[in-house]
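Peer 1: Taken in order, the sequence shown gives residues 1 to 445; the numbers are from the working numbering.
Backbone N, C-alpha and C define an ideal beta-carbon position, used for all residues, glycine too.
For clarity, every value in this text was computed on a predicted model and none was experimentally measured.
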Amino acid sequence: MFEKVLIANRGEIALRIHRACRDMGIKTVAVHSTADANAMNVRLADESVCIGPPPPRASYLNIPAILSAATITGADAIHPGIGFLSENGDFAEVVREHGFVFVGPAADHIRTMGDKIRAKAAARELGIPVVPGSAGAIASASEAADTAARIGYPVLLKAVAGGGGRGMKLARDDAQLRALLPLAQAEAAAAFGDDSVYLERFLDRPRHIEVQLLGDGNGAVVHLGERDCSLQRHHQKVLEETPSPGLDEDARERVCAIAVRALERLGYQSVGTIEFLYQDGEFYFIEMNTRLQVEHPISEMLSGIDLVREQLRIAAGEALGYRQSDIRLCGHAIECRVNAENPDDFRPSPGRVAEYLAPGGPGIRVDSALYQGYDVPPYYDSLVAKLIAFGSDRHECLMRLRRALEEYVVGGIDTTIPLHQRLAADAEFRSGRYDIGWLERFLAG
Ligand code: ADP
1 MFEKVLIANR
11 GEIALRIHRA
21 CRDMGIKTVA
31 VHSTADANAM
41 NVRLADESVC
51 IGPPPPRASY
61 LNIPAILSAA
71 TITGADAIHP
81 GIGFLSENGD
91 FAEVVREHGF
101 VFVGPAADHI
111 RTMGDKIRAK
121 AAARELGIPV
131 VPGSAGAIAS
141 ASEAADTAAR
151 IGYPVLLKAV
161 AGGGGRGMKL
171 ARDDAQLRAL
181 LPLAQAEAAA
191 AFGDDSVYLE
201 RFLDRPRHIE
211 VQLLGDGNGA
221 VVHLGERDCS
231 LQRHHQKVLE
241 ETPSPGLDED
251 ARERVCAIAV
261 RALERLGYQS
271 VGTIEFLYQD
281 GEFYFIEMNT
291 RLQVEHPISE
301 MLSGIDLVRE
311 QLRIAAGEAL
321 GYRQSDIRLC
331 GHAIECRVNA
341 ENPDDFRPSP
351 GRVAEYLAPG
361 GPGIRVDSAL
371 YQGYDVPPYY
381 DSLVAKLIAF
391 GSDRHECLMR
401 LRRALEEYVV
411 GGIDTTIPLH
421 QRLAADAEFR
431 SGRYDIGWLE
441 RFLAG
């Protein structure tokens, strides 16, 4: 096992990885921008290195600075965390070329799954059903119109290099499609540096279902069940739960089997997630994430498996050492993403945390790097905490979640805790009958 791991990330996920390392007796190196010098993960790490000024390009995306930090501190491995360089195949490769272990899958797997069109083609080859759409990037308005006529309106224009739910455009007819195509291309170029877009049939009321997977690269692949991430705003996840209240046992087994078979064929080595849209009893591949995910804790609550530990073990070349039949998924878990944002208009709310009291008690876990007196910097993602509730069933989980949301105090900045309080009290949410459009309707109503 590694002696020292460099964590190339920030915030709650850097702390989460630090904690797993600690539990395994591994020393940690924190790298940070000047804006994060007082971050909790930096304070707790064995060593820390400042890698640049606040803008991510100058620090958390600064590959030479990160490699230098790993060299100076004598780290064995680099964990990329979530976001930043975690899905950059070139980074994975260059880390390995410099003699460090990259805590993640093969660079080729990252590259294939990071390119939406190649990923869809790969999914098809791996036996995963995909959303009907264009075979590749759309070259012209007439090609777009022909494809849309074939798959049927409404259609979605999506950026090939897209991510984070950004840059999607819905077209209900031919005229709309022709008008939106140049806009979508311009936006994709501005946001992702690549103007290619592709077309997909728009599903009007699907659920977002994803399967958590682990593969050791030696033929062993297991799943930890599914997560339902249908509660989204602007295509970004707000709350996740497992098991999904919208799947029966048969559908659950079906989707998990599809996902496991695909990773077996791929020879995948790390933790990963395959995301699907689920409508009218059918699953459609949307993407694969070749990294840890924000919502991984809910799967940990049901399985008792520490996914970061497993990710480190697999990166160190260890075999999984257990089979699917050894894994017991019991209970119910929900995660609320707490963002430093105004809960009504979602404007970012950076600043000093004047007061902080995290909830506790049975079935409650808080993954957060917040503390009283901490300054939430304005430069990064607004996620500042994840509140995770566990119960023996969905009812107990929801009751604990409501109680924990009442206890949670974050003063001095706005957070989305009040939104989660409204959700947890809402009869329709509690009934479990929601799709990916539900939260936006709830917020509008
Ligand atoms: P990104 O990589 O930008 O996050 P995804 O392809 O993963 O994009 O999609 C993000 C979200 O957008 C999904 O969870 C879903 O809510 C919505 N979405 C994506 N594709 C479709 C589709 N074909 N029909 C309806 N909604 C979709």
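How big is the Cα-Cα spacing for Ala-148 and Val-155?
Peer 2: Their backbone Cα atoms lie some 7 Å apart in a straight line.
Peer 1: Could you pull the start and end residues of the alpha helix (DSSP H) that Thr-73 belongs to?
Peer 2: Thr-73 -> alpha helix (DSSP H) spans 63 to 73.
Peer 1: Within the segment 201 to 266, note down every full beta strand (DSSP E) run reaching 3 residues or more, in order along the chain.
Peer 2: DSSP runs (the beta strand (DSSP E)) wholly in the segment 201 to 266: 207 to 216, 221 to 233 and 236 to 242.
Peer 1: Where does Thr-415 sit, in a helix, a strand or coil, going by DSSP?
Peer 2: Looking at Thr-415 - three-state DSSP - the assignment turns out to be coil, as it is neither helix nor strand.
Peer 1: Straight-line CA distance for Gln-185 to Tyr-268?
Peer 2: The straight-line gap from Cα to Cα measures roughly 33 Å.
Peer 1: Cβ of Arg-124 versus every heavy atom of ligand 3: is any distance shorter than 7 Å?
Peer 2: Ligands displayed in this structure: ligand 1; ligand 3 is not among them.
Peer 1: Verify whether the separation of the beta carbon atoms of Asp-393 and His-332 is less than 8 Å.
Peer 2: Against a cut-off of 8 Å, the Cβ pair of His-332 and Asp-393 comes out as a contact.
Peer 1: Looking at the structure shown, is Met-301 part of a helix, part of a strand, or coil, going by DSSP?
Peer 2: Note: Met-301 maps to helix in three-state DSSP.
Peer 1: Among all the DSSP beta bridges, which residues are the ones paired with Tyr-356?
Peer 2: Answer is Val-410, bridged to Tyr-356.
Peer 1: Are there three or more Cβ pairs, one per stretch, closer than 8 Å when the segment 298 to 317 is compared with the segment 368 to 383?
Peer 2: No: the two stretches stay apart, fewer than three of their Cβ pairs being nearer than 8 Å.
Peer 1: Looking at Lys-169 and ligand 1, is the gap between the Cβ and the nearest heavy atom below 7 Å?
Peer 2: No, the Cβ of Lys-169 stays beyond 7 Å of every heavy atom of ligand 1.
Peer 1: Out of Lys-4, Phe-192 and Arg-22, state which residue places its alpha-carbon closest to the alpha-carbon of Gly-74.
Peer 2: Gly-74 has its Cα closest to that of Lys-4, out of Lys-4, Phe-192 and Arg-22.
Peer 1: Look at the alpha carbon of Asp-115 and the alpha carbon of Glu-187, and state the distance between them as a whole number of angstroms.
Peer 2: About 17 Å.
Peer 1: Please report the Cβ distance between Pro-297 and Ile-436, rounded to the nearest whole angstrom; I am assuming they are in contact, meaning their Cβ atoms lie under 8 Å.
Peer 2: The pair is not a contact, with the Cβ atoms about 21 Å apart (cut-off 8 Å).
Peer 1: Check whether the Cβ atoms of Arg-252 and Glu-226 sit closer than 8 Å, and answer yes or no.
Peer 2: Contact flag set, yes.
Peer 1: For Ala-141, which residues from the same chain have a beta carbon less than 6 Å from its beta carbon, with the 5 sequence-adjacent residues on both sides left out?
Peer 2: These residues qualify, in order along the chain: Arg-178 and Leu-181.
Peer 1: Nearest-angstrom Cα distance between Gly-83 and Ala-159?
Peer 2: For Gly-83 and Ala-159, the distance between alpha carbons rounds to 18 Å.
Peer 1: Which word fits Pro-243, buried or exposed, when buried means at least 16 other C-beta atoms lie within 10 angstroms of its C-beta?
Peer 2: So Pro-243 ends up on the buried side.
Peer 1: Suppose the cutoff is 7 Å on Cβ atoms and the five residues either side in sequence are ignored; what does the same chain contact list for Thr-124 look like?
Peer 2: Inspection of the sequence shows that residue 124 is occupied by Arg rather than by Thr. Same-chain partners within the cutoff: Val-130.
Peer 1: For Ile-72, is the classification buried or exposed, using 16 other Cβ atoms within 10 angstroms of its Cβ as the cut-off for buried?
Peer 2: When all chains shown are included, Ile-72 counts as exposed.
Peer 1: Less than 8 Å between the CB atoms is what I'm expecting for Ile-446 and Gly-81, so what's the real figure, rounded?
Peer 2: Given that the chain is displayed from residue 1 to residue 445, the structure contains no residue 446 and the question cannot be resolved.
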